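Asks:
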Amino acid sequence: MSETKLRDISSFVRRKMRRLPSQSFVMLLASAVGFATGLACVGLKWSIKWVSDLMSVFISPGANPVLLLLPLAGLVLAALFSRLVVGENLSRSTDKLITFLRKGGSDIKKSHIYGPLAANVFTLGFGGSAGAEGPIAVAGAAIGSNMARYMGLTPQQVRLFIGCGAGAGIAAIFKAPVGGMLFTLEILRLPFTSVTVFALLLACLASALTCYMLTGFTFDVFLAEAFPFPTSAYLGVVGLGIFAGVYSLYYSDIVERVGRLLGRLGGQWTRILVAGAGMGLLLYIFPALYGEGYGVMDKMLNGDWRALWASGPFAQASSDDVWTLAAIVGALLAVKAVAVGWTTYAGVAGDFAPTLFAGSLAGLLFAVMANKLTGSALPAGDFALIGMCAVFAGVIRAPFMAMFLTPEMTGNFTLFLPMVLASGLSYGIVRLVRSENYYHERFRYGGGTKNTG
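If you read the sequence shown in my numbering, its first letter stands for residue 57, the second for the next number, and so on.
Quick look at the structure:
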């Protein structure tokens, strides 16, 4: 089909849509933004898996020296792509989007539709320890901005579709439409009316369903056997909520310290070299830190705890020994924040998935140690899932998003009440010490300073 014919069809569709009643137009465009963002998310997931599978041929049971180099290679490729193709540093993309919106911006460059996604594939596919949600949120926002501007909308209306696209990105990557909505409302904090909230819901539903259908109607993390939660375990949930709150403070502090350290190192390539070398060392010792970690989380929630160390130097360790399990899980819990700091400040990745991984470790460690020391029988898999919600709420400081996103992404609402209790306690403890929003703190040491438009 010729370029002229495509332009004619495009102009025809635009004229027809503009003649619709205003509310119908908003709903239809929001659904289109959600569908397009869902397709982008599917491409991102497939690409990360494809690159990870390519790298997996170098990984075998036991020690894998190649892991010392893979993260550095990924960070270098992400930086080269960002600089040579997009023309800017794409790290800390969510911070930059929030800053952009706070300054009243509405025009996001087309290169941000594909740039953060490609850089994220290099970062995670080669072993970076973080998530894909930040890049897909920015890509969704760019899709919303460009589609809205193409339809001739005002800057204020364009900002509505930026929010729809960003929320749709989160909804798609986690297959959690309500979680995506709450990202826009609770973290981006864009003003929405009753009509525009419904448009946001449509965008998030369209993106989540698109991704869910095109990835085989499966969840990334799934608790295979869901039993009624025993009421006798609620005291343990209180303890887990407190533990998750304290750990969230540690996690946030370590990520900040790593960010400040890298910020003092001068040039971008120095930061990449230090972060890549450090990440490679951690990955060599703990291969479970590779990428988003959903595969490891899925196995851990379903009782296969050896997945945490099956392919590392500790491959011969037994999961039957509680103290061995506690030592390895505790070490992973301690270094996860360091790995996240190196990955997110030197590469292009998201903040949410690593808090879920750390939360599953916190819940598992708490349940195993409580059972050992008190003789109780807390369900370790359930507590790992509750821990995901609690640490997310504490670190990101978005309790409502945590309460809905975690059960949505796992397809398990049987633990909703204990999740609410644990995440509320975790969030409350963090707020006693830190009054600022999670992303507002980033602006003090290098996050969110460059325009997205």
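Each residue gets a CB set at the ideal place from its N, CA and C atoms; glycine is no exception.
Since the model is a prediction, treat every value here as computed from it, not as a measurement.
Using the rule of at least 16 other Cβ atoms within 10 Å of the residue's Cβ for burial, across every protein chain shown, is Gly143 buried or exposed?
Replies: With fewer than 16 Cβ atoms within 10 Å of its Cβ, Gly143 is classed as exposed.
Asks: Rounded to whole angstroms, what is the Cα-Cα separation between Lys152 and Gly94?
Replies: Rounded to the nearest angstrom, the two C-alpha atoms are 22 Å apart.
Asks: Assuming Leu412 and Phe448 form a contact by the criterion Cβ under 8 Å, report the distance between their Cβ atoms to the nearest whole angstrom.
Replies: Their Cβ separation, rounded to whole angstroms, is 6 Å, which keeps Leu412 and Phe448 in contact under 8 Å.
Asks: Can you give, in chain order, each stretch of the alpha helix (DSSP H) that sits fully within the region 277-308 and has at least 4 residues?
Replies: With a minimum length of 4 residues, no continuous alpha helix (DSSP H) run stays inside the region 277-308.
Asks: If you drop the 5 nearest sequence neighbours on each side, which residues of the same chain put their C-beta closer than 7 Å to that of Val489?
Replies: Closer than 7 Å at Cβ, skipping near neighbours: Leu305.
Asks: When the Cα atoms are used, what is the spatial distance from Leu209 to Val253?
Replies: Using only the alpha carbons, I get a separation of about 18 Å.
Asks: Rounded to whole angstroms, what is the Cα-Cα separation between Gly502 and Ala197?
Replies: Low local confidence applies: a pLDDT of 49 at Gly502 is under 50, so the model's placement there is unreliable, with the coordinate-based value given in what follows. Going by the C-alpha atoms only, they are around 22 Å apart.
Asks: With contact counted as at least three CB pairs below 8 Å, one residue from each stretch, are the region 399-417 and the region 451-462 in contact?
Replies: Yes, the region 399-417 touches the region 451-462.
Asks: Quick one: is Leu216 buried, meaning 16 or more other Cβ sit within 10 Å of its Cβ, or exposed?
Replies: It counts as buried.
Asks: Given a cut-off of 7 Å on the beta-carbon distance, is the pair Arg327 and Ala402 in contact?
Replies: Yes, they are a contact pair.
Asks: So, with DSSP's three-state summary, where would you put Gly160?
Replies: It is coil, neither helix nor strand.
Asks: Just list the residues that DSSP pairs Gly406 with in beta bridges.
Replies: Gly187, per the DSSP bridge assignment.
Asks: What residues in its chain sit with their C-beta under 8 Å from that of Glu492, if we drop five residues either side in the sequence?
Replies: Cβ neighbours of Glu492 beyond the five flanking positions: none.
Asks: Which parts of the region 117-159 are runs of the alpha helix (DSSP H), unbroken and 4 residues or longer, counting only runs that do not cross its ends?
Replies: Fully enclosed alpha helix (DSSP H) runs of 4 or longer: 126-137, 149-158.
Asks: Alpha helix (DSSP H) containing Pro361: first to last residue?
Replies: One point to set straight first is that residue 361 is Trp, not Pro, in the sequence displayed. Careful: Trp361 lies outside any alpha helix (DSSP H) and carries neither H nor E.
Asks: Which of the three DSSP states, helix, strand or coil, is assigned to Gln372?
Replies: Coil, per DSSP.
Asks: Is there contact here, the region 232-251 with the region 273-283, by at least three beta-carbon pairs under 8 Å?
Replies: The region 232-251, when compared against the region 273-283, does not touch it at the 8 Å Cβ threshold.
Asks: Mapping the DSSP letters down to three states, classify Ser367 as helix, strand or coil.
Replies: Coil.
Asks: State the start and end residues of the unbroken alpha helix (DSSP H) segment that holds Lys231.
Replies: Careful: Lys231 lies outside any alpha helix (DSSP H) and carries neither H nor E.
Asks: Mind the definition here: the region 369-377 touches the region 155-164 only if three or more C-beta pairs lie below 8 Å; say whether that holds.
Replies: Flag = no, the region 369-377 and the region 155-164 do not touch.
Asks: Look at Tyr495 and Ile229 and say whether their C-beta atoms are less than 7 Å apart.
Replies: Not closer than 7 Å, so no.
Asks: With three or more beta-carbon pairs closer than 8 Å as the criterion, would you say the region 418-427 touches the region 341-353?
Replies: No, the region 418-427 is not in contact with the region 341-353.
Asks: Establish whether the CB of Ala423 and some CB of chain B are separated by less than 7 Å.
Replies: Reference to chain B is not applicable here, since this structure consists of a single protein chain.
Asks: Go ahead and pull the three-state DSSP assignment for Arg245.
Replies: Correct three-state label for Arg245: coil.
Asks: Give every residue of the same chain whose Cβ lies closer than 6 Å to the Cβ of Asn358, excluding the five residues on either side of it in the sequence, and list them in chain order.
Replies: Counting only Cβ-Cβ distances below 6 Å, and skipping sequence neighbours, we find Ala280.
Asks: Assuming Phe439 and Gly415 make a contact with CB atoms under 8 Å, what is their CB distance in whole Å?
Replies: Actually they are not in contact, since the Cβ atoms of Phe439 and Gly415 sit about 10 Å apart, beyond 8 Å.
Asks: Which runs of the alpha helix (DSSP H) spanning at least 4 residues fall entirely within the region 463-496, listed in chain order?
Replies: Complete alpha helix (DSSP H) runs here, min 4: 472-489.
Asks: Classify Ser201 as buried or exposed, calling it buried when 16 or more other Cβ atoms lie within 10 Å of its own Cβ.
Replies: That one is buried.
Asks: Could you give the DSSP three-state label for Arg511: helix, strand or coil?
Replies: Residue 511 lies beyond the stretch modelled for the chain, which goes from 57 to 509, so this question has no answer here.
Asks: List the whole-angstrom C-beta distance separating Val50 from Leu477, where the pair is believed to meet the contact cut-off of C-beta under 8 Å.
Replies: With the chain running from 57 to 509 in the structure shown, residue 50 is simply not present.
Asks: For Ser103, collect the residues of the same chain with a Cβ closer than 7 Å to its Cβ; drop the 5 residues on either side in sequence, then sort them by chain order.
Replies: Cβ neighbours of Ser103 beyond the five flanking positions: Val177.
Asks: Please list, in chain order, all residues of the same chain as Gly332 whose beta carbon is under 6 Å from its beta carbon, the five residues on each side excluded.
Replies: Closer than 6 Å at the Cβ level, and outside the excluded window around Gly332, lie Pro127, Leu128, Leu131.
Asks: In whole angstroms, what separates the C-alpha of Val451 from that of Asp309?
Replies: One C-alpha to the other measures close to 10 Å.
Asks: Going by beta carbon distance, what residues of the same chain come within less than 7 Å of Ala88, once the five residues before and after it are set aside?
Replies: Correct list, in chain order: Met203.
Asks: Nearest by alpha-carbon distance to Leu441: which of Gly223, Ala300, Arg313 is it?
Replies: For Leu441, the nearest C-alpha among the options comes from Ala300.
Asks: Along the chain, where does the alpha helix (DSSP H) that runs through Asp438 open and close?
Replies: Asp438 -> alpha helix (DSSP H) spans 436-452.
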